[in-house]
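Peer 1: I have a structure here, written as structure tokens, and I will follow up with some questions on it.
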Amino acid sequence: MKKITTLLLMLLLVATAANAKFAYWGYCDKDIVGAYGSSAYGKAAIYVPAEVAQLYKGCQLTGVRVGLAAQASKLSVFATTDLNATPFAQKVSDKANKGNNIVKFDAAYTITGEAFYIGYEVSGLDACIGYVANKTAYSNYTDFGNGWVDNAANGANALSLTARIEADNLPVDLSVMGLRDIATKENEPFNVSAKVVNLSATKLYSYRIGYSVDGGEEQFVDFEETLGDRSENVFSFTHPGIKTKGTHKLKVRVVVDEDANPANDAAECNVLMTSIATTKRVLMEEATGIYCGNCPRGIVSIEKCKEKYPDNFIAIAKHAYDGTPSELRCPSYEYANWGVYPQAALDRRATFDPVPSTTYQYMDAILEKCPAIAGIETQANYVAGDYTHINVNTNVQFVKDMTNCSFGIAYAIIEDGVTGYQQNNGYANGKFGELDGWENKPSMATVTLNHVARAGFGIVGGIENSIPVNDVYSTTIYNHNTVLNVPSNVQNRKNIKVVAFLINRGDHGYVENAVEVPVLEAGETSIADITSTQAPDLSLRNGSIVADGFDGTLQVYTVGGQLVKNASLARGMYIVRGTNGKQSFVKKISL
């Protein structure tokens, strides 16, 4: 009987443990964006205020989740009511990996409702205290040997650090994180994107996002999607636009009836009204060649990214593989000289083999973590009576003021529709596997080459004095004019475009933004109609622009000359270029 009773008791204990739920509470999402400080040793902590501790009164503090920005050799976690006192719980971890590390205490601590800190001590070869994109009070305390400092009070990002809390019943707590400052044009729709983070152990099947500008009337967007326990969703919506100049305060909050902690429901950001749109466009520079058997994957990667990111992706293909015909080479494009084919760079932040899935991963990461710090627009026109020279006029406007910086504008001439070549196809007959139909093409496949680099100007660091100052201001538009020489190897001048891109010399030479525009005739502007009795009437149907009675191809541009996808168009003014082989027109339409 004693054995049976003992067994029954053990089963009850197991059942009780199985019913317990757990959650991670803190000021961060799961994405570590960098290392805080430069020291390889340090202590880090966050503060859990009494109003939060009261929500979890009676629950068990069972451990800490630590986000490290680099591998460490030693990691120990602690919980304390005073950062300068002996912790009431601590544990040396048996691992200290880059990324998120879960460390459980040997014994759980019952939360009393009083405020407390959680933190860790770490040492390694590199700076490894991880931080996230979010910013809020109480979220960043560090001690690098000279005492504890409240970095959040000075605007520092939140640490990647959360408390592991366990109980049979845990409160629902949702938080908006990762809301970034936005720059946009007056009275034009703009996209708002952030994360809703579920800090609880309860799965939700819908949530509402409320938003308001400068304390005005709140508007709501409903999201009918699952938000799992201890998970996070990226949400986005389109704001209809702000009519007045200046900088405005946008408040975004998550609304759920069950939420027990309204203190962290909302986040705020600045919305700056600019004269130039700050759409983030990622520049892909690819080293390729028609005699490279692996290079079809670069072709496919670019095609797929053009489809997946129609407003956010620009490509330049530099042909330089061994045996590349001289007329395909572009020695003036002084980048992508890696000697490995195919090889690609995105904004010069990452270099990789452009397998489509890999390119998607890098694209998504850059679009999420590297927002535009400036808007860039350019216009390109042939010199009157001279198709060998192009006048370019570029405007750059920064999102915020910056000092002691160095920027430059670079230009490239690229050509689409280049014919007369065959591409070595290592994927023929499935030799290298499947690649979007290339396995069915011959070993030497006839191709039409697009995005071909024809000329480069200031490619490495930008043209000298194109941004002639070291302090830039958000209220100033920086203008640059120059003339580009059209190389003689261009097959069809109607197929060339100009790419202008902003290089941050002071930050690893990264490309901060780019724009691609067609080359217009002399005197033609991106907002001018071309008068033609044959130009058809334009109208909007189901979010797309259509030309009545016109059997041809339509290309839609913003007034700044950026090609956009002709679908789900927001209200505003657009330029439409139509061609059908016999007739062409350019016409303005206001939606």
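Residue numbers (mature numbering (1 follows the signal peptide of the UniProt record, and there is no 0)): -20 to -1, 1 to 571. Each residue gets a CB set at the ideal place from its N, CA and C atoms; glycine is no exception.
Could you give the C-beta distance for E248 and K231, rounded to a whole number, given that I count them as a contact under 8 Å?
Peer 2: Rounded, the Cβ-Cβ distance is 5 Å, consistent with contact.
Peer 1: Using CA coordinates, which residue listed in Y97, T42, A69 is at the minimum distance from T61?
Peer 2: The shortest Cα separation from T61 among Y97, T42, A69 belongs to Y97.
Peer 1: Taking the alpha carbon of N137 as the reference point, which residue from T374, L159, G125, D487 has its own alpha carbon closest?
Peer 2: Of the candidates T374, L159, G125, D487, the one whose C-alpha sits nearest the C-alpha of N137 is L159.
Peer 1: Let me make sure I understand the geometry here. Which of P169, N80, E166 has the alpha-carbon closest to that of S140?
Peer 2: Out of P169, N80, E166, N80 has the C-alpha closest to the C-alpha of S140.
Peer 1: Do V44 and A95 have their CB atoms nearer than 8 Å?
Peer 2: No, they are not a contact pair.
Peer 1: Would C272 and T339 qualify as a contact pair, given that the criterion is a beta-carbon distance under 8 Å?
Peer 2: Not closer than 8 Å, so no.
Peer 1: Start and end of the alpha helix (DSSP H) containing Q341?
Peer 2: Here the alpha helix (DSSP H) through Q341 covers 336 to 349.
Peer 1: Quick one, which of V320, K288, N292, Y313 has its alpha-carbon nearest D302's?
Peer 2: With distances taken between Cα atoms, D302 lies closest to V320.
Peer 1: Is it the case that the region 412 to 422 contacts the region 442 to 453, given that we only count it when at least three CB pairs across the two stretches are under 8 Å?
Peer 2: The region 442 to 453, when compared against the region 412 to 422, does not touch it at the 8 Å Cβ threshold.
Peer 1: Select from A25, N64, V376 the residue whose C-alpha is nearest the C-alpha of Y100.
Peer 2: Among A25, N64, V376, the Cα nearest to that of Y100 belongs to A25.
Peer 1: Reducing DSSP to helix, strand and coil, say where A(-1) ends up.
Peer 2: A(-1) falls in the coil class under three-state DSSP.
Peer 1: Apply the 10 Å Cβ neighbour rule to P290 and answer buried if 16 or more other Cβ atoms are within range, or exposed otherwise.
Peer 2: Classification for P290: exposed.
Peer 1: Grouping DSSP H, G and I as helix and E and B as strand, with all else coil, what is K567?
Peer 2: Here K567 sits in strand by DSSP.
Peer 1: Here's the rule I'm using: 16 or more other beta-carbon atoms within 10 Å means buried, otherwise exposed. How should M157 be labelled?
Peer 2: So M157 counts as buried.
Peer 1: Using the Cβ count rule (16 or more neighbours within 10 Å means buried), how would you classify I(-17)?
Peer 2: Any answer about I(-17) is weak, because its pLDDT of 36 lies below 50 and its placement is not dependable; what the coordinates show is given next. With fewer than 16 other Cβ atoms within 10 Å, it is exposed.
Peer 1: Secondary structure at L139, three-state DSSP: helix, strand or coil?
Peer 2: Strand.
Peer 1: Rounded to a whole number of angstroms, what is the C-alpha to C-alpha distance between D209 and V32?
Peer 2: If I take the Cα positions, the gap works out to 19 Å.
Peer 1: On a Cα-Cα basis, can you pick out the residue from S19, Y453, D161 that is closest to K349?
Peer 2: Residue D161 is the option with its Cα nearest to K349.
Peer 1: In the structure shown, what three-state DSSP assignment does W5 receive?
Peer 2: If DSSP states are grouped into helix, strand and coil, W5 belongs with the strands.
Peer 1: Quick one: grab the DSSP three-state call for E496.
Peer 2: Strand.
Peer 1: Mind listing, in chain order, the continuous beta strand (DSSP E) runs of no fewer than 3 residues lying wholly within the region 189 to 264?
Peer 2: Fully enclosed beta strand (DSSP E) runs of 3 or longer: 199 to 203, 212 to 219, 227 to 235, 246 to 254.
Peer 1: Contact check, V102 vs A52 under 8 Å by CB: the rounded distance?
Peer 2: Sure, about 5 Å apart at Cβ, within 8 Å.
Peer 1: Buried or exposed: which applies to P151, given that a residue is buried once 16 or more other Cβ atoms fall within 10 Å of its Cβ?
Peer 2: Buried, since its Cβ has 16 or more Cβ neighbours within 10 Å.
Peer 1: Would DSSP call V13 helix, strand or coil?
Peer 2: Residue state, collapsed to three classes: coil.
Peer 1: Buried or exposed, going by whether 16 or more other CB atoms sit within 10 Å of the CB of W5?
Peer 2: Under this definition W5 is a buried residue.
Peer 1: In the DSSP assignment, find the unbroken alpha helix (DSSP H) run with K474 in it and report its ends.
Peer 2: No alpha helix (DSSP H) contains K474, which DSSP labels as neither H nor E.
Peer 1: Since L48 sits in a beta bridge, which residues does DSSP pair it with?
Peer 2: BP columns for L48 point to G79, I109.
Peer 1: DSSP three-state label for K71, please.
Peer 2: The answer is strand: DSSP assigns K71 an E or B state.
Peer 1: Compare the C-alpha of I394 against each of L429, I279, M424 and name the closest.
Peer 2: Residue L429 is the option with its Cα nearest to I394.
Peer 1: Between the C-alpha atoms of E166 and Y401, what's the straight-line distance to the nearest angstrom?
Peer 2: Each residue's Cα considered, the two are about 47 Å apart.
Peer 1: Run the CB neighbour count on residue 590, radius 10 Å, all protein chains shown included, and call it buried at 16 or more, exposed below.
Peer 2: Because the chain here runs from -20 to 571, residue 590 falls outside it and cannot be looked at.
Peer 1: To the nearest angstrom, report how far apart T268 and T331 are at their CA atoms.
Peer 2: One C-alpha to the other measures close to 14 Å.
Peer 1: Buried or exposed: H460, going by 16 or more other Cβ atoms within 10 Å of its Cβ?
Peer 2: Looking at its Cβ environment, which holds 16 or more other Cβ atoms inside 10 Å, H460 is buried.
Peer 1: Assign F200 to buried or exposed, taking buried as 16 or more other Cβ atoms, counted over all protein chains shown, within 10 Å of its Cβ.
Peer 2: Classification of F200: exposed, given that the 10 Å Cβ count is below 16.
Peer 1: So what does Y21 bridge to, in DSSP terms?
Peer 2: Looking at the DSSP assignment, Y21 forms a beta bridge with S103.
Peer 1: Under a three-way DSSP split, which group does N274 fall into?
Peer 2: N274: coil per DSSP, three-state reduction.
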